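Mind the numbering: the sequence shown is residues 2 to 434 in the numbering used here, read in order. Heads up, the beta-carbon is just placed ideally off N, CA and C, and yes, glycines get one too. From a predicted model like this one, the values you see are computed outputs, not experimental measurements. To keep things clear, I will list the structure first and then write my remarks on it.
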Amino acid sequence: MTMLLTALGILLFAVGLLFSIAWHELGHLSTAKLFGIRVPQYMVGFGPTLWSRKKGETEYGIKAIPMGGYIRMIGMFPPGADGRIEARSTSPWRGMIEDARTAAYEELKPGDETRLFYTRKPWKRVIVMFAGPFMNLVLAVAIFLGVAMGFGFSTQTTEVAGVQKCVISQSANRDTCAKGDPVSPAQAAGLKSGDRIVAFNGQPVNDWATLSDRIRETVGPATITVERDGSRQVLGATLRENMVAKKDADGEVVPGEFVAAGYLGFAARSEILPLSFSDSVVRMGDMIENGVQSIIALPSKVPDLWNAAFGEAERKDDSPVGVVGAARISGEVMTLDAPAQNLFAMFLMLLAGFNLSLFLFNMLPLLPLDGGHIAGALWESVRRNLARLFRRPDPGPFDVAKLMPVAYVVAGVFICFTLLVLVADIVNPVKIT
């Protein structure tokens, strides 16, 4: 049964991956056609074609390897010195292949002279290249808001899940009481599992973050109002100073760091609670910020990845994962002992994170990524506007093809990094259990 559930999770991720790729390329396709650019091909996947159908002037199809996708647009780059115009692809890897195989150029047809990508105004080219990653961002936001508002996330509440019997520093490497440990304030006050704390020192508390902050700020006598068996009771407690986990400015626990603060001594129960629209937007913003920080931190992850792939180091929880690793996680999600709606929500969040990563990665201003073409169009706009301002001759379109040597280096680095992640995902995968 476990193997079947794992296979189901991997299959669901594969379907989600293909849809995300098709959705991305649909952004390029729709805007290219909107601006009158001829698009001979729209493909999901690489390698041998499994199915295709031509509708109008565009061939639509699915290929055997679901590791990407592309559309072909006529005149992606300006003609060279010999006047030759080439059909290019929006896919970074496909672009490298086309550079290596000069015979793979798309032949111009009568009337294409007015339908070339590079002849469109820079702002139109920016829209065409941005539309693909933007579609991934839209999908990520839609999935995230749907899960956050319709299902919710595990959230600590003010209900007591358990009471610590003694005071143990959270920096200590133990969770059982030792001789000489003082009784915890919660135990001494008579706090019980199932109590819901509704006020602290006479001030109402509705959420765990507020209650936690007030406990940390208090050392000495305090009153705790709880709901127990349908009635309210006021308990007296004397909070002690203890070493507790440090929190950052957002209220998140900083792993491995501790501070001296007030200590009561109980565990808060967690519940899955839907978020409001405003809270969901804030949470989505945090997710995007974390994604940006992860992209920036990628180079620093290489040593750990190498040691995990070819050494004996453990794979860290925040280690980058590729398509294979994400598929394995999806399969693992389906084997968890949890309600089906919880598993589906986790899968959707995985898919949302994948689409957000596609957006952020493709927006890097480097060829052969979409962001590189966007940067080229913006630079062309700056050059032409400056020439117009200073009454100089129009410099013409910026030849992005001149940056292809840089693109080869960037693509080579990306390929090496992808292979490293692939090896790590196979021999030492990230596991959510």
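Problem - CB-CB length for V206 against T159, believed under 8 Å - result: Your numbering for residue 206 matches position 205 in the sequence shown. Your numbering for residue 159 matches position 158 in the sequence shown. Indeed they touch by this definition, with Cβ atoms about 6 Å apart.
Problem - Start-end ranges of the beta strand (DSSP E) lying completely within the region 10-86, minimum 3 residues - result: Whole beta strand (DSSP E) segments, 3+ residues: 42-56, 59-75.
Problem - Limits of the unbroken beta strand (DSSP E) element including R270 - result: As a first step, residue 270 must be located in the sequence shown, where it is residue number 269. From DSSP, the beta strand (DSSP E) with R270 extends over 267-274.
Exercise for the section: Kindly confirm or deny that the region 389-401 and the region 171-184 touch, where touching means at least three C-beta pairs closer than 8 Å. Expected result: The region 389-401 makes no contact with the region 171-184, as fewer than three CB pairs between them are under 8 Å.
Handout entry: Reduced DSSP category for V414 - H, G, I as helix; E, B as strand; rest coil
Key = Stepping through the sequence shown from its first residue, residue 414 is reached at position 413. Residue state, collapsed to three classes: helix.
Exercise for the section: State buried or exposed for F201, treating a residue as buried only when at least 16 other CB atoms are found within 10 Å of its CB. Expected result: Here the question's residue 201 lines up with position 200 in the sequence shown. The residue in question, F201, is buried, as its Cβ has 16 or more Cβ neighbours within 10 Å.
Exercise for the section: Could you have a look at L379 and say whether DSSP puts it in helix, strand or coil? Expected result: Residue numbering aside, residue 379 sits at position 378 when the sequence shown is read from its first letter. Looking at L379 - three-state DSSP - the assignment turns out to be helix.
Handout entry: Opening and closing residue of the alpha helix (DSSP H) in which I225 lies
Key = Taking the first residue of the sequence shown as 1, we reach residue 225 at position 224. No alpha helix (DSSP H) contains I225, which is instead part of the beta strand (DSSP E) from 221-229.
Handout entry: Residue environment, L352, which counts as buried when at least 16 other CB atoms sit within 10 Å
Key = On the sequence shown, position 351 is the one that residue 352 refers to. Counting Cβ neighbours within 10 Å, L352 comes out buried, since at least 16 surround it.
Exercise for the section: On a CA-only basis, which of V45, F78, P79 is nearest A65? Give me that one, please. Expected result: The count along the sequence shown starts at 1 and reaches residue 65 at position 64. It is V45 whose Cα lies nearest to the Cα of A65.
Practice task
Indicate the three-state DSSP secondary structure (helix, strand or coil) for L5 in the structure shown.
Solution key: Position 4 of the sequence shown, counting from 1, holds the residue named residue 5. Here L5 sits in helix by DSSP.
Exercise for the section: Quickly, what does DSSP pair Y264 with across the bridge? List them, please. Expected result: Translated into positions along the sequence shown, residue 264 becomes position 263. Looking at the DSSP output, Y264 sits in a beta bridge with R241.
Handout entry: Delimiting residues of the beta strand (DSSP E) encompassing Q157
Key = Numbered from its first residue, the sequence shown carries residue 157 at position 156. From DSSP, the beta strand (DSSP E) with Q157 extends over 154-164.
Problem - Counted within 10 angstroms of its Cβ, other Cβ atoms place P394 as buried (16 or more) or exposed - result: Residue 394 sits at position 393 when you count from the first residue of the sequence shown. Within a 10 Å sphere around the beta-carbon of P394 sit fewer than 16 other beta-carbons, which makes this residue exposed.
Problem - For S358, the nearest candidate out of G292, F14, P396, I375 (CA to CA) - result: The sequence position of residue 358 within the sequence shown is 357, counting from 1. Cα-wise, what sits closest to S358 is G292.
Practice task
Write down every uninterrupted run of the alpha helix (DSSP H) in the region 314-389 whose length is 4 residues or greater and which is fully enclosed by it, in chain order.
Solution key: Entirely contained in the region 314-389, the alpha helix (DSSP H) runs reaching 4 residues are, in chain order, 324-334, 341-363.
Problem - Beta-ladder partner(s) of F201, from DSSP - result: Indexing the sequence shown from 1 puts residue 201 at position 200. Under DSSP, F201 forms a beta bridge with Q204, I225.
Practice task
Please say whether A261 and V282 have beta carbons closer to each other than 9 Å?
Solution key: Against the sequence shown, residue 282 aligns to sequence position 281. Against the sequence shown, residue 261 aligns to sequence position 260. No, they are not a contact pair.
Problem - Spatial neighbours of F360 in its chain, beta-carbon cut-off 8 Å, leaving aside the 5 residues before and after - result: If you number the sequence shown from 1, residue 360 lands on position 359. Contacts found: P134, F135, N137, L138, A141.
Exercise for the section: Sort P49, Y43, P67, T50 by Cα distance to G57 and report the nearest one. Expected result: Within the sequence shown, numbered from 1, the residue matching residue 57 stands at position 56. Of the listed residues, the one whose Cα sits closest to G57 is Y43.
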